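To start, the structure under review is shown below, and the notes come after it.
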Amino acid sequence: MDTETTILDRKTSSDHATLADKFNLDEPRVDWHDKTLWFIRKKRDKAASQLQEWEQLRAVASDIKNNVLANLHTYLLAFERNAQQHGITVHWASDAAEHNKIVHKIIEKTGIKQVVKSKSMLTEECHLNAYLKTQGIEVIDTDLGERIVQLAGEPPSHIVLPCIHWKKEEIGELFSHHLGTPEGNSDPQFLTAAARIHLRQHFMSSRLAITGVNFAVAETGEIVVCTNEGNADLGVQLADVHIACVGIEKIIPLRKHLGVFLRLLARSATGQPITTYSSHFQKPRKGQEMHIVLVDNGRSKRLGSADFRNALKCIRCGACMNTCPVYRRSGGHSYHYAIAGPIGAILAPGLDMKKHADLPFASTLCGSCSNVCPVKIDIHDQLYKWRQLLAQNRKVGITKRVAANTMAYILSHHTLYTFAGTAGRWLMKYVPFIISNRFNPWYKQREMPKPPEHSFARWYHQNRNFK
Amino acid sequence: MKVALFVPCYIDQFYPQVAIATLEVLEKLGASVSYPEKQTCCGQPMANAGFEDLTDPCNTIFIRQFSGFDYIVSPSGSCVLHIKDHLHSSANHEETSQIKKKVFELTEFLTDIVGVKHLNSKFYHKVGLHQSCHGQRGLKLSQMSELIAPDFSKPQDLLRMVEGLELIDLDRKDECCGFGGMFSVSEEAVSVKMGKDRVADHLQYGAEYITANDMSCLMHLEGILRRQKSPTKVIHIAEILNAGL
Amino acid sequence: MSSRDHILEVIRKNQPKGLPLQEIAFSDGEPFDKISKFTTVLESIGGTVIPINEWGEVEAYLNQRFSTEKRWVNLVPELRNLAPLADFTEDPHLLENVMVAILPGHFGVAENGAVWITEELMGDRALPFICEHLALIIRAENIFPTLHDAYTHIDKSQYGFGTYIAGPSKTADIEQSLVLGAHGPKSLMLFLITET
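Heads up: the sequence lines are chains A, B and C, in that order. Residue 455 in numbering that gives the first Met the number 0 sits at position 456 of the first sequence, with consecutive numbering throughout. Residue 60 in numbering that gives the first Met the number 0 sits at position 61 of the second sequence, with consecutive numbering throughout. Residue 24 in numbering that gives the first Met the number 0 sits at position 25 of the third sequence, with consecutive numbering throughout.
See the structure below:
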């Protein structure tokens, strides 16, 4: 019966609504979370508004990505050929498990037991760290935010701002425990300096670095990695082996297209004109070994769906999360998937419809996400379409299904509708506790509408129907 | 000009005064309006919950009730958007596509079709305009804060024609109120928090009334205002436009 | 069938048809002063722009700012007197104690304050990231308005490694408080040669 329960039934302890409920127990914290992310949304607006051609840029980026989806086969082959010509070893992984095994094999051959890794949502999606741990290999996440959540034993709550849900005092406490910083010091400048010293040791000692990839250029076989901290570069440039993990949808056709995407990426993500470092790796350093792992994990299958393939255009800027009024008030962990927010809610059900059946309903379909998306993914339309598919596959809770069926039945018959309306208004007026009680989620924090004497239909019949 | 009045089911049942105001505004501006009496619902409550396939009978009723008019006007951006995006009929393609072209939200109709430039309406209050998402982002009744494009707003232009009405500013001029149909009960905590935050934004600028193109948003905000025992009231934009007209 | 062949086969079957690649064409925005835009943007993201007319000014600036910290590595031939041109045959880890790295850049980008630099200008790929402070030098005439212009200039040139550097290393991961010097250089000095 568990496929029958999720949305209204609250029988699972880990669906979005339940986790969001918990998040909302501390209202001042919700306010703080909401305001922090809204501030980033405003920075994005400001950065975007400084380019007259912003909407044109989005349209061009969207067109390029549509072209990529239509020619992915050709572009992947070209990318592979060009990368190989430059001395890079290219691997292909059908799914997360194969990806993890490939990465492990490369590490195993070197005998290295501790590796550094810069931000990669793909490795989060594949749960690489956990897998390597079982193989006796420790991964040190080097992005400051990712290191913070890693020390805390949590996944990131945001794809660009991994510890956006942490307060500086809590980070101070965490660092005091793990890095030995003085108790009670929560100054961001001080804590960042402490992390710099801590992670510098790992950069200096690690001989293998894993990175994600922002863009992979078919024409040249190069990959581009963007960071503000410089952690991807410090890791890679000091390591003997570089492994770059990339989803097959990250391909772009031509180098000059980077001009379009790099203009959009950081402005959409944080409101910066560009990230501090946009590093183009075309060949390994002399004496260095470089691997690129191309990962499918459901992407090729999604490509076959006209309704949902569009989500593969995503460049992981996180703008849809920052603007989402639900994300801001429920926190990234309420989405229980590596990628939170609106984009996560349309990606996750594609991987496991049953497990993520709640996510497409964690939205009011307000459409703000689609408007900020730099590659014009129709996110809110896809949320709607996922709802239809979930209902057809009986992945929508029984309460909601019964409600929809009852409504549909009543609304399909005018006389029944008139009667039900009269009965409903009468009930609400004379026996308000029937509806206005604690079992009605509406009434928990809101008053019910005051029922009028008569419906409009009745008024019209009495007042206008003389014509 | 033969105009059909399309009244959302919850307005018919809970907010008849909104439908009356809509009817009267249209009549006062010279339209010949009739109300097809067998109409029920556009089907959105089921469809947004994932059950669009249960809406076929609603579609059939809608097409039968609203065929043959010059225009179909409704005091709801949300229901109009649903008709535009999702009305379908395997038996009646031509009528369906005609209806989709002829259906208008009230302020859009007044601005684009009637071409209202002046109103005699009077409403001596401080009013906050809540931009309902489906009207704004779906029907593009106003410029959206996410896009880099010139500013405009059909509902705001109309409100500015109302004598005595003082339109307040907002910190977040087009954030969702959190109603979202079934979302309002299935995601109760977030829904209410969103509503409380919208209400707070209007109250900090001294709104006596919160108005909108959609009564569903206002029903949600009203529920919160009344629970807070706030003197601030909600009012549909049709009621303001009809005041003193 | 290998994973590679299987993935490619599914893609071939599933990818939609058509959709030719459009040329990128942007209407020119308002013309702007490239140098002042570049300067404003770079300073807004934490960089320091120092306009110079002659090479001696670089020396004077660095001598004053780093009077006691003389572990400098220089890759600019014109500044041979300031610090000898470094030799990079050794392990990059040894660069960890470099206080100031002085490197020439290819060009700057006005819209975002970034400087494009490829590995032959770096000496070692690690240097621009591992040094405590980074000094980049470009000529004012080598500033392009936008990234589109930058890529038109880069065109199909080959490089093992190239990067845009826009300001000092930074993070705002702790409560969105901006901190300069996350892992890489704590400051970025951009010497802008306005006259030769």
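Don't be surprised by glycine CBs; every beta carbon is placed ideally from N, CA and C. On a predicted model such as this, the values are computed, not experimentally measured, just so you know.
- Contact between A/R195 and C/G180 holds, since their C-beta atoms are separated by about 7 Å, short of 8 Å.
- Neighbours of B/G179 across chain A, judged by C-beta separation under 8 Å: S362, T363, L364, C365.
- Considering only C/G166, C/M98, C/K185, the residue with the shortest C-alpha distance to C/T67 is C/M98.
- Within chain C, the residues Q175 have their CB atoms less than 7 Å from the CB of A/T35, given in chain order.
- For A/P440, the nearest beta carbon of chain B is closer than 8 Å to its own beta carbon.
- Residues of the stretch 69-95 of chain B with a C-beta less than 8 Å from any C-beta of chain A: none at all.
- Residues of chain C whose Cβ lies closer than 7 Å to the Cβ of A/K166 are, in chain order, E174.
- By the neighbour-count criterion, in which 16 or more other beta carbons inside 10 Å mark a residue as buried, C/G55 falls on the exposed side.
- Taking CB atoms only, A/K375 has no neighbour in chain B less than 8 Å away.
- In this structure, the alpha-carbon of A/F189 lies about 17 Å from that of A/C162.
- Along the length of the stretch 109-159 of chain C, whole alpha helix (DSSP H) runs at least 4 residues long occupy 126-129, 146-153, reported in chain order.
- Within the same chain, C8, C57 come within 6 Å of B/C40 by CB-CB distance, once the 5 residues on both sides are set aside.
- The beta-carbon separation of A/I111 and A/L207, rounded to 5 Å, stays under the 8 Å limit for a contact.
- DSSP, read as helix, strand or coil, puts B/G127 in strand.
- Under DSSP, C/L179 shares a beta bridge with C/K169.
- Using a CB distance below 8 Å, the part of the stretch 25-52 of chain A facing chain C consists of T35, F38, I39, L50, Q51, E52, ordered along the chain.
- 8 Å or more divides the Cβ of A/A231 from the Cβ of A/I222.
- Taking 4 residues as the shortest admissible run, the stretch 312-359 of chain A contains the following complete alpha helix (DSSP H) segments, listed from N- to C-terminal end: 318-322, 324-327, 340-350.
- The three-state secondary structure of B/I62, taken from DSSP, is helix.
- Contact of A/M289 with chain C by beta-carbon distance below 9 Å is absent, the smallest such distance being about 10 Å.
- Its Cα nearest to that of C/V9, the residue A/R298 stands out among A/A419, A/A356, A/R298, A/P359.
- Across the stretch 130-143 of chain B, CB contacts with chain A closer than 7 Å involve C132, R136, G137, M143, in sequence order along the chain.
- With the criterion set as a beta carbon lying under 8 Å from some beta carbon of chain A, the members of the stretch 14-28 of chain C are Q14, P15, K16, G17, L18, P19, L20, Q21, I23, F25, S26, G28, in sequence order.
- Taking the CA atoms as reference points, A/I136 sits about 59 Å from B/S88.
- In the DSSP secondary-structure assignment, C/Y163 is bridged to A/S277, C/W115.
- Nearest neighbour of C/R11 by Cα position, chosen from A/D33, A/K34, A/V67, A/N23, turns out to be A/V67.
- DSSP places A/N230 within a helical segment (H, G or I) once states are collapsed to three.
- Residue pairing for A/M289: DSSP places it in a beta bridge opposite A/H241.
- DSSP, read as helix, strand or coil, puts A/T417 in helix.
- The residue among A/L76, A/L150, A/H164 with its C-alpha nearest the C-alpha of A/S333 is A/H164.
- With three or more CB-CB distances shorter than 8 Å, the stretch 237-246 of chain A counts as touching the stretch 281-289 of chain A.
- If only uninterrupted alpha helix (DSSP H) runs of at least 4 residues are considered, those enclosed by the stretch 30-108 of chain B are 43-47, 55-65, 76-85, 92-101.
- The beta carbons of C/I192 and C/R138 sit about 5 Å from each other, so the pair counts as a contact at 8 Å.
- Against A/F280, the close residues of chain C are F160, in the order they occur along the chain (beta-carbon pairs closer than 7 Å).
- Pairwise C-beta distances place the stretch 323-337 of chain A out of contact with the stretch 93-111 of chain A, as fewer than three of them are shorter than 8 Å.
- Excluding its 5 nearest sequence neighbours in each direction, B/L138 has C-beta neighbours in its own chain below 7 Å: G76, V79, L80, E104, E107, listed in chain order.
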